[in-house]
Structure formats: structure tokens, C-alpha cells
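Visitor: Going down the list, the protein sequences come from chains A and B.
Just so it is clear: in the first sequence, position 39 is 244 by my numbering, and no numbers are missing.
Just so it is clear: in the second sequence, position 128 is 161 by my numbering, and no numbers are missing.
Glycine included, every Cβ here is placed at the ideal spot set by N, Cα and C.
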Amino acid sequence: MVVSSLKKKLMGADGDFLLQTNVEIARGGITAIAGPSGSGKTTFLRMISGLTSPDEGLLEVDGEVWFQRETGKKTQLNLKPQQRRVGVVFQGYALFPHMSVLGNLLYASRNSDMAEKLLDMIGLQQLKHVKPPNLSGGQKQRVALARALMQQPRILLLDEPLSALDEGMKALLQDELLRVNSELGVTILIVTHDSSEMYKLCDRVLLFEKGQIVADTSPRKLFVERETTQKFAFKGEILEIRAVDAVYVAVIAIGNNLVEVVIDSDEKENLQAGDIVVVGTKAFNPTVRKFEEQEFDFSRL
Amino acid sequence: MNRIRAAVTAIDCNGNLHKVSLAAGKEMITVITLELADDYTVGALVDIHFKPAHVALAKNITGEVSIANRLEATVSELQKGKLLTDILLDSEIGKFYALTTTEAVERMHIAPGDSVTALMKASDLYLSRVKRL
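#1: Got a sec: is the Cβ-Cβ distance from A:Thr276 to anything in chain B below 8 Å?
#2: If the criterion is Cβ atoms closer than 8 Å, does the pair B:Val79 and B:Val41 meet it?
#3: Based on the DSSP output, what are the partners of B:Ala57 in its beta bridges?
#4: Just the chain A side, please: which residues come within less than 8 Å of B:Asn47 by C-beta, in chain order?
#5: Rounded to the nearest angstrom, what separates A:Lys278 and A:Pro286 at their Cα positions?
#6: Using the Cβ count rule (16 or more neighbours within 10 Å means buried), how would you classify A:Pro338?
#7: Nearest CA to the CA of A:Gly511: which residue from A:Ala237, A:Thr236, A:Thr247 and A:Val208?
#8: Locate the beta strand (DSSP E) running through B:Tyr73, then write down its first and last residues.
#9: Which residues, taken in chain order from the region 35-66 of chain B, show a beta carbon closer than 7 Å to some beta carbon of chain A?
#10: Pull up the distance between the alpha-carbon of A:Gly233 and that of A:Cys407, whole angstroms please.
#11: What is the DSSP secondary structure of A:Gly343, counted as helix, strand or coil?
#12: Touch check for the region 344-359 of chain A and the region 380-397 of chain A: three-plus C-beta pairs under 8 Å?
#13: Rounded to the nearest angstrom, what separates B:Glu136 and B:Val64 at their Cα positions?
#14: In or out: B:His87 buried (at least 16 other Cβ within 10 Å) or exposed?
#15: Along chain B, which residues have their Cβ under 9 Å away from the Cβ of A:Glu465?
#16: Would you call A:Phe249 buried or exposed, if buried means 16 or more other Cβ atoms sit within 10 Å of its Cβ?
#17: Is there a Cβ of chain B sitting closer than 8 Å to that of A:Val419, yes or no?
#18: Name the two residues that bound the continuous beta strand (DSSP E) containing B:Val41.
#19: Do A:Val335 and A:Val291 have their C-beta atoms closer together than 8 Å?
#20: Step through the CB atoms of chain B and report whether any lies within less than 8 Å of the CB of A:Val484.
#21: For A:Ser401, collect the residues of the same chain with a Cβ closer than 7 Å to its Cβ; drop the 5 residues on either side in sequence, then sort them by chain order.
#22: Could you please tell me which residues of the region 149-161 of chain B, in chain order, have their CB closer than 7 Å to any CB of chain A?
#23: Quick one: Cα of B:Gly146 to Cα of B:Asp123, how far?
#24: Taking Cβ to Cβ, would you say A:Val266 is nearer than 8 Å to A:Leu350?
#25: Under 9 Å Cβ-Cβ, which residues of chain B neighbour A:Val454?
#26: Would you kindly report the start and end of the unbroken alpha helix (DSSP H) that includes A:Leu406?
#27: Use the C-beta contact count for B:Glu68: other C-beta atoms within 10 angstroms, 16 or more gives buried, fewer gives exposed.
#28: Please classify A:Asn309 as buried or exposed, where buried requires at least 16 other C-beta atoms within 10 Å of its C-beta.
#29: Counting only the same chain and skipping the five closest in sequence on each side, list residues whose C-beta sits under 6 Å from that of A:Ser210.
#30: On the DSSP bridge assignment, give the partners of A:Arg409 in chain order.
#31: Against chain B, does A:Phe439 count as a neighbour if the rule is that its beta carbon must be under 8 Å from one of theirs?
#32: Quick check on DSSP: helix, strand or coil for B:Arg103?
#33: Over what stretch of residues does the alpha helix (DSSP H) that includes B:His135 continue unbroken?
#34: Could you check where the beta strand (DSSP E) with A:Ile457 kicks off and where it finishes?
#35: Taking 8 Å as the CB-CB limit, is B:Lys115 close to chain A?
#36: Taking Cβ-Cβ distances below 8 Å as the criterion, which residues of the region 83-96 of chain B are in contact with chain A?
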């Protein structure tokens, strides 16, 4: 359990604002930290890791106080980053280029058993003697993840760790994060702008705006339920676009349903398989009729 | 949703795009649709469905119009709103509604008893199979 009631004055593009994080995060979950740039997301992670000092407040992790300063008093406690059991992965890889993958892991902690376990779990066993300059972006980010886990952190802080990767590699690393979370039980906080990533990984989203947590809910409530009640629009993924006659037909996965939508050549120009899209129509267009039993029910798949 | 009963007279396809020709009384109707179930064959009895908002109205129409379907009808009732008017039409193949702007109704002086032409695009029509009892 992470208990945070930290405050810090921040300088923003349009004036100073107060970052205030009164939140309790249960052990073992994956929480998304979302919100526009400059809303305090990264500072929140830095305050947890000890890289940035809060002005005041309390930070307690699994019953252990990491930071404490009451209003108007001197700092009572402020553990150094290396005293906090936190793993950090940022968008940049920050690996030691002259050390092998295994060397990078052992630099974080000289625990070869743990290193071997993580190399297996994150699929790096084949690459353990390779040096970072010879790795792809996705491989480097996996090494960074494994290294962050070497000290068996209580919290893993991820700041847009997958944003520089292509869709396929992103999906692979998302699966690995889920595995790390379930096998090691580590609490994960991830800064991300990607709503499908939040939907896939996270059980909770904290939405930051100008330093305040303005929404604290599930990804489903935030994206799916809200969007569909406001307008007839669904987020989906294009699986295929076929030319048919003088038009194009896109097969789109929306949730667990596959639908076919006719698109024109102008729309087709900007779309391709794999694209995440919004399928929408005006409120005048959809037809509504009673569900009939013999209709194919995708929800049973 | 409007419903008109019709019989399939021809089916033309290109890939999974279909043009279904139908006869409702003396009127010929064309529907463009994607996937079509196997039991839509020539002679099959179907219902054509269309939304009132997808029906355009014309009076004294001349010249060429690309819209595939035209039905001659008589205005039977008007339900006027501030912005939209729901118009009940009577035709040889049954009653149906057209939803249009109140501004258009006033500009065209549409009143009960008037003869109008209802225009429906082939891609705005839906089909459903009439089940045998």
C-alpha cells in the first residue's frame, strides 16, 4: 500500500500551481498516471522515488515512512533514493553501454539468481552477453525493466516506458509488464498517454490536471462508458481494408465485435490496418431493434 | 423506422457488395448492402426498412436526380416541430414517414393532400427477411 499526501509548488507555463496528491494505492496493482504535459505526473513519480523533494506531506510505502514533513516544520524524514525500494524506467534507456546485459543487471544488485530469473521472465536469456548499442529499442527497454527489478522494488515507476516503441513491440512489452506484475506482485505506477495501454494494463487511472487528481477511476469508466453515453462513437482497431467495387470496406474490431464499415477513398488515404480509430455516426443514423436470440452473439466468444 | 414489404427480383454482386432489386406493388426499389445472407434469393419476401430522416421530398420534380428510389405519395399528416417536421405519407405500397426541416416544409408549402415524390438513396435502405409462419 502506498499512502501519499504530498504537496509541492510547481512552476507551470501559465503561472505557479500546487501539486497535491492525496491518494492511497493498493499493493500489487497497476495504476496509470495520466493527464496533459505539465500537470505534475512526472514530479509525482520523482517525489516517490526520492529524486525530487516535496514541500510537505507524508509518503508511506507498505507501512514504512519514506518522507514526512508537517506544515511549518522541518523535514522529519526524507529517505535517499537508494534507501527507497523503488525501480524506475523512463523513456530513455540509460543503460551502461560498455557493460553486457547481464553486467547492467548485476550493477544494480549483485544477485545472480535474481538476474537469471529476470532474464528468463523478460526473455533476455539469449542476449545476456550482448552490449546495449547492439540491442533494438524494445530490447533495451526490456533490459531497463529487468535492471529496475533487480533490487526487488516495492514500487516500479514507469514514465512513458513504451512510447518510443512500435505497436508490435509495445504489445509484447505490455504482456511482459503484466507478467512481471502478476509473478512478482510489484506495485506499478505508469505514466502513459495511451488509452488502449491503460485499458490493457491498468486497474486504475489517476487523471492529473494542474497538479490535482481530477479523476480516480477505472480505464473502462474513463474511456468506454463515458464516451459511449455521450455520443455514438467507439474506439476500434482496423484489421483490414479491402477495395470492393468503387468503395473500400474496413473490418474493424470494436471491443470483441468485428464490424464492416464502408469507407470512401479519401478516408482510406489516411487509414491502414493496425490503426486505432474512432468509429462514429450521428445520432440520427443508428437503427435500434430488439435483440433476437438467433443472432450471432460475439459476447459469448 | 419505416417498413415496406417487397419481393426480391434480382441480386447483383461485386465481392461482398450487393445490389438487390425489389418489387413492392408496381414500384421498383433498389437496395445497396454489404453482406447478404444466403436465404435472400430471387422471389424471397423481405421487408425494406428506412429511417424517416433518410427520406427526401420533392414537389413537381423535373430533371435528372441520382437518387435510385422514388415513390409517389400523398401527404397525409404533418407533425410540426420548431426545427423538424415529421410527415406521414400515403403511397400505393403503404404509409411511411419523412422527417425534414420545418423550414423546407414551409418553403415548399407542404400541406395534407399534396402530391409529393419521396426520394430514398439505395445505400440508406435496410433489408430483413420475412419469416415464414
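Guide: So, from the data block:
#1: no
#2: yes
#3: B:Glu60
#4: Val449 and Asp450
#5: As the crow flies, the alpha-carbon of A:Lys278 is around 22 Å from that of A:Pro286.
#6: With fewer than 16 other Cβ atoms inside 10 Å of its own Cβ, A:Pro338 counts as exposed.
#7: As shown, chain A starts at 206 and ends at 506. That puts residue 511 of chain A outside it, with no answer to give.
#8: Neither: B:Tyr73 is in no beta strand (DSSP E) and is coded neither H nor E.
#9: Asn47, Gly48, Asn49 and Leu50
#10: 11 Å
#11: helix
#12: yes
#13: 29 Å
#14: buried
#15: Asn49, Leu67 and Glu68
#16: buried
#17: no
#18: Asn35 to Asn47
#19: no
#20: no
#21: Ile481
#22: Tyr159
#23: 10 Å
#24: no
#25: Gly48, Asn49, Leu50 and Leu67
#26: Ser400 to Leu406 is the span of the alpha helix (DSSP H), which, as asked, contains A:Leu406.
#27: By the neighbour-count rule (16 or more Cβ atoms within 10 Å), B:Glu68 is not buried but exposed.
#28: Its Cβ being crowded by 16 or more others within 10 Å, A:Asn309 is buried.
#29: Asn227, Gly262 and Leu263
#30: A:Thr236
#31: Closer than 8 Å: no.
#32: strand
#33: The sequence shown places Thr at residue 135 of chain B, not His. Judged by DSSP secondary structure, B:Thr135 falls within the alpha helix (DSSP H) whose first and last residues are Thr135 to Arg140.
#34: Val452 to Ile459
#35: The beta carbon of B:Lys115 does not come within 8 Å of any beta carbon belonging to chain A, so the residue lies off that interface.
#36: Those residues of the region 83-96 of chain B that come within reach of chain A (Cβ to Cβ, closer than 8 Å) are Lys84 and Ala86.
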